[in-house]
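Engineer: One line per chain: the protein sequences are A and B, in this order. Under our numbering, the first residue of the first sequence carries the number -16, and numbering increases by one thereafter. Under our numbering, the first residue of the second sequence carries the number 34, and numbering increases by one thereafter. Backbone N, C-alpha and C fix where the C-beta goes; we use that ideal spot for every residue, glycine too. Could you have a look at this structure, given as structure tokens, before my questions?
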Amino acid sequence: MTLRPLLARLRPHRTIRPTRDGWWYLGAALGLGFAAMNTGNNLLYLLVSLLLGLIVVSGILSEQSMRRLWLRGVVPEEIYAGRPVLLGARMANRKRRLPSYSIALEGGGRRLYVERLGAGEERLLSWEATFAARGRQRLPGLRVRTRFPFGLFVKAGRLVLGDEIVVFPAVRPLDAARRRRLAPGGARSLHHRGRGHDLYNLREYRAGDDPRLIHWRSTAKAGTLVVRELEAETTVDARIVLVGDGARDPGRLEKGLSEAASLAVHLTATGAAVELAGPGVHVPPGRGRAHARRLLTALAVYAPPGEATVPPRRGPAAEFEVALG
Amino acid sequence: MIPQRALSVAVNVLVADGLAALFLGGFLSLPALVLVAVAVVGSWGREALRLEQMPWLSLTLVGLGGAALVVEIVTAAPAMLDVFTHLLLYLLLIKLYTRRTPRDARDIAFLAFFMLVAVSPVTISVVFLGLFVAFLVVGTWLLMLRHLLSEADAATAPALPARPAAGLGRDLLRLSLAASAATIGVTALLFLIIPRVGQAALPLRPQATRMVSGFSERVQLGAFGEIEADTTVVMRVHLTAFTGGGGSPETLPSLRWRGVAFDHFDGRTWTVGRSTARLTLRRRQPVPFPVQAHHGGPVLTQEVYLEPIGTEMIFGAPRVLRLQGRSDFVVLDDLGNIAVPVPAARLHYTVESEPELGDPRTAGVADARLTGDARLRARYTQLPPVSPRIAALAREVTEGSADHWEAARRLSGWLSRELAYTRVLERTTALDPLDEFLFVRRAGNCEYFAAALAVMLRSLAIPARVVNGFQRGEWNPYGSYYMVRLHDAHSWVEVFVDGAGWVTLDPSPRLAAGAAATAAPASLWLDALRMSWYRYVVSFSLHDQLAAADTVRRATWTWSAAVLYPPDWREIPRPALALGVLLVVAVVAVGWHRRRHAGTAGGGGMPAFYARALRLLARRGLTLEAGETAREFAQRAGWEPPLAAVTGAYERVRFGGAALTPAEAAAVAAALDALAATGQIPRAPTQGSDDEMTTDDRQVR
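See below:
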């Protein structure tokens, strides 16, 4: 048996340290204790006992507040560089009867506070964060802390929400000209609703519909607002090829990866089977949102390789080259 | 109540508590207290002063305060403690007028606490206990409120959903009361176990203790007249043991507390003669001081709490054998007097005495020195020139007596029989006081009786001395001790009988003249509380700690033995047995009730009704799969109405944190019955797992 599990078991479940007020408080208790011993005055002993008693009760109440408190991290699966994202944590009090008071989630310069969490109650705490760069990153991590009940000591739980996440490259909407350029590259209708160009159906306007889709002629005829529904489109096959390795110009590399990610998102949204190829990276063709995530993940963790070749194209596909510099 | 308002209330209660403490300790006179209270009230409802915006005011306040302190220290302050309390008051008022944040409330609470600290060395009043408990309760509440307000201010983002904090006030009050109760318990425990390694030494404010006047170390005839109506309690005597004696020690006849004996009479006053030999006993270990030798009789142990009455004398039942107290030295003299030279302090000590029981001539405790020492005999028969009528009367009364003891008893009996007891001591003649008492007024108080008996005995060459002390006092049934009041001050005589030693004789018919009025039960109860305060808090010592530890150790052994060797259940007293059975039944009933209603309690975990629904479905082959939610499970099971109802209730209880209403509980019960009654629920086609979840729902404790 190794020593590590034993040490982990012995490691304190929570840490506790005095606050600034707590240090003053301890100093006062110490001074008063000295005075009590020096004079033998029992009323001073009584007051010292009160100060120490409050420390004990503080420990019990704060432990009671922290006990059986559970956290569930709420992290979006898709996080893009430079785009604000809402992170969250569900905090649940799993105690049968007793509420938890004055619980704070602290870390990364944030402090989320719950005044009271009843027995069995669950609360969502959320905050906005923006990740500047793509790649594997670790969340700043939060600790459950409480200064309850008197603000003299901080009791902290273990670090939570310190998971590793993958931040995708920044994805920007393609401009209209680019979208048009992409369309002739093998676009075809899929005969179901989508965001293509061909008409799929006409129907009554519903709240939230894009006003640009109102079909004015039909509206005039019907006497009520009628909108166009468009057919989904896709390219037959698409292949995004990363050109160059980006080793010399990091700025250009990031820009190129962002461009590739934007292309990948657009193409998969149109239903195309998209393949990614580049030096040291290859994602076989695939469709759907899960595949889009695979592409984005590959782009997110892309690092310029020393020497690598681009895998050859295997079938007919529209090829889009993205220069990494 | 709004938290800020509650905080203000708590602050003002603590301020009042601190000021009351200063008043109790004598640091504030009544006019000063009123003045400060007016200043405190003046701070209510005002907008807080912003000293940071008024530097001139800050400078003025600091300058004035500093100058006043220096002047007080240099000139007028009776002690540094007074300066300290005035500084506290000054800071308190400034804080009250500048209070804006919860942090200021905390500072005020600590200032009030230090007011209690300042008072603690100069008071032992039980009122301090009330102030202490009030501070503890309100202080706990204040610290909690202050903490919550500060934390809410410091938060960078609120929790979602933001719930109204309507219930928090009541919740917090309940919690703070519970915390106060717990703190009282823990404080009491810590108070008991913190070792008393210090010594009560220098009083920080020497003149603070009030002394009760009245008892003096000389007997001037007629002096007791002033104090015989004073009901101030000066001594409390707890009879802790009566070793070797039969019956309860409270039933001992003629119990009295001997203080000081006098050997010299100058015609008007009894004093301790200059030739009295004194011996100072010092000790290095906390062992009892030996006073007199034990002669084999029963030993009565008394624990005495003596108020400062301006005397150094130690009081105890006659024939004190040993003395145990805090002082490291005592002074003994050959009159049997014991003194501890700390007259201004309240004393707590234990004495062991060998009380006089039965015929003293058979006791065999004679002082052999006196029998053969002519000088000592002359000392105790010393008399100034007194009226020859007194000696003649003594001879007349004792004519035909077989020995000194019989003569003394005859004289004592004659005095108590023939003369009257009175507190009215007006002199009507120019005769000597005793002459007037015996032959003209024929009435007097205990001093006259004692002095007359001693003089008459001495006129017959029988050694005698007058003793001052207290009568037994009033029995307090609530605290099981004697309350000795100032009006219990008493004088009696000790006569030396060959073969019997010094024997107590009380010629005063005081008891027959009518006992003092008995105190009301409430007064007795309050005094018992005061006594407990003195006994278990003010006078608590290392010796008490050791005794308590020993008691715990013995109790532990007894319990261990009881567990290891359990008694035959038939030997257990029936009430205890019934109580035990009742307890077991109650525990089982509570457990059963909890299990039954666990589902509707709104607590964490799976409600019981949903668990039952799962069991019912499991019998039909439908089981909840790992990772499947209740809703998904219900969907898979075809959303049958009873299951849908149960699932909805489950979600409300489990995730809504709400208990079921009676109507909902009834609906759930009906749904469960329907679920139990229906046949096989058709299995719905299994749906593929949804890999399009957008949140990572990991549990990351």
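Closer than 9 Å, Cβ to Cβ, to anything on chain B: give me those residues from the segment 45 to 79 of chain A, in chain order.
Structural biologist: R51, L52, W53, L54, R55, G56, V57, V58, P59, E60, E61, G71, A72, R73, M74, A75, N76, R77, K78, R79
Engineer: Short check: CB of A:R130 to CB of A:S85, under 8 Å?
Structural biologist: yes
Engineer: Flag B:E387 as yes when its Cβ comes closer than 7 Å to any non-hydrogen atom of the ligand NAD, and as no otherwise.
Structural biologist: Of the ligands one can find in the structure shown there are none, so the ligand NAD has no counterpart to examine.
Engineer: Which residue marks the beginning of the beta strand (DSSP E) containing A:L142, and which one marks its end?
Structural biologist: 136 to 143
Engineer: Tell me the rounded alpha-carbon separation between A:D146 and A:G16.
Structural biologist: 46 Å
Engineer: For A:G90, return the contacting residues in chain B, with the cut-off set at a CB-CB distance below 8 Å.
Structural biologist: Taking the beta carbon of A:G90 as reference, no residue of chain B falls within 8 Å; the closest one sits roughly 11 Å away.
Engineer: Put A:M49 into one of helix, strand or coil per three-state DSSP.
Structural biologist: In the structure shown, the three-state DSSP call for A:M49 is helix.
Engineer: Could you tell me how far apart the beta carbons of B:E345 and B:P374 are, in whole angstroms, since I believe they sit closer than 8 Å?
Structural biologist: 5 Å
Engineer: Is the CB-CB distance between A:A72 and A:L54 below 8 Å?
Structural biologist: yes
Engineer: Which residue from B:A707, B:A54, B:D296, B:T93 puts its Cα closest to that of B:T118?
Structural biologist: B:A54
Engineer: In its own chain, which residues sit with a C-beta less than 7 Å from the C-beta of B:F275, not counting the 5 before and 5 after it?
Structural biologist: P282, P331, L333
Engineer: Whole angstroms is fine: what's the gap from B:L92's alpha carbon to B:L122's?
Structural biologist: When rounded, the distance between both Cα atoms is 18 Å.
Engineer: B:A710 and B:E684: beta carbons closer than 8 Å?
Structural biologist: No, these two residues do not count as a Cβ contact at 8 Å.
Engineer: I believe A:A153 touches A:Y63 by the beta-carbon criterion, under 8 Å. Please report the beta-carbon distance rounded to the nearest angstrom.
Structural biologist: 6 Å
Engineer: Mind checking B:N501: buried by the 16 CB within 10 Å criterion, or exposed?
Structural biologist: buried
Engineer: For A:A243, tell me which candidate among A:T280, A:G254, A:V209, A:R126 has the shortest Cα-Cα distance.
Structural biologist: Taking the Cα of A:A243 as reference, the smallest distance to any Cα among A:T280, A:G254, A:V209, A:R126 is reached at A:T280.
Engineer: For B:A667, write down the residues that DSSP places opposite it in a beta bridge.
Structural biologist: DSSP, once it has assigned bridges, lists no residue as partnering B:A667.
Engineer: Output, in sequence order along the chain, the residues in the segment 100 to 132 of chain A whose CB is closer than 7 Å to any CB in chain B.
Structural biologist: G101, A102, G103, E104, E105, R106, L107, L108, S109, W110, R130, F131, P132
Engineer: Measure the Cβ-Cβ separation of A:R126 and A:E98 and say whether it is below 8 Å.
Structural biologist: With contacts defined by Cβ atoms closer than 8 Å, A:R126 and A:E98 do not form a contacting pair.
Engineer: Taking just the CA atoms, how far does B:A588 sit from A:R0?
Structural biologist: 38 Å
Engineer: Quick check on A:L26 - is its C-beta less than 8 Å from some C-beta in chain B?
Structural biologist: At least one chain B Cβ lies under 8 Å of A:L26.
Engineer: Short of 8 Å in beta carbon distance, which residues of its chain neighbour A:P59, apart from the five on each side in sequence? Order them along the chain.
Structural biologist: The beta carbon of A:P59 is closer than 8 Å to those of V68, L69, L70 in its chain, skipping five residues each way along the sequence.
Engineer: Evaluate B:H520 with the Cβ neighbour count: other Cβ atoms within 10 Å of its Cβ, from every protein chain shown; 16 or more gives buried, anything less gives exposed.
Structural biologist: buried
Engineer: Below 8 Å, how does it come out for the segment 172 to 182 of chain B and the segment 137 to 147 of chain B: are there three or more Cβ pairs, yes or no?
Structural biologist: yes
Engineer: Under 7 Å between beta-carbons, which chain B residues line up against A:V39? List them in chain order, please.
Structural biologist: By Cβ distance, chain B contributes V219.
Engineer: Assign A:E111 to one of three DSSP states: helix, strand, or coil.
Structural biologist: strand
Engineer: Is B:Q720 helix, strand or coil by DSSP?
Structural biologist: Model confidence at B:Q720 stands at a pLDDT of 37, short of 50, so the residue's coordinates are unreliable and nothing is read from them.
Engineer: Can you name the residues of chain B whose CB is closer than 8 Å to the CB of A:S83?
Structural biologist: Simply none; closest approach about 11 Å.
Engineer: Around the C-beta of B:F362, are 16 or more other C-beta atoms found within 10 angstroms, so that it is buried, or is it exposed?
Structural biologist: exposed
Engineer: Closest to B:F573 by C-alpha separation, out of A:L44, A:L259, A:P262, A:Y28, would be which residue?
Structural biologist: A:Y28
Engineer: Rank A:R186, A:H198, A:E237, A:R189 by C-alpha distance to the C-alpha of A:F151 and give the top, closest one.
Structural biologist: Per the Cα distances, A:E237.
Engineer: Any chance you could list the beta strand (DSSP E) runs of at least 3 consecutive residues sitting entirely within the segment 269 to 348 of chain B, in chain order?
Structural biologist: 289 to 295, 302 to 304, 311 to 315, 332 to 339
Engineer: Classify A:F131 as helix, strand or coil using the three-state DSSP reduction.
Structural biologist: A:F131 falls in the coil class under three-state DSSP.
Engineer: Helix, strand or coil: how does DSSP classify B:M87 here?
Structural biologist: DSSP places B:M87 in coil when its eight states are reduced to three.
Engineer: Cβ closer than 7 Å: which chain A residues qualify as neighbours of B:I141?
Structural biologist: Per Cβ cutoff of 7 Å: no residues; B:I141 is ~14 Å from chain A at best.
Engineer: Going along chain A, which residues have a C-beta under 9 Å from B:F224?
Structural biologist: N25, Y28, L29, V31, S32, L33, G36
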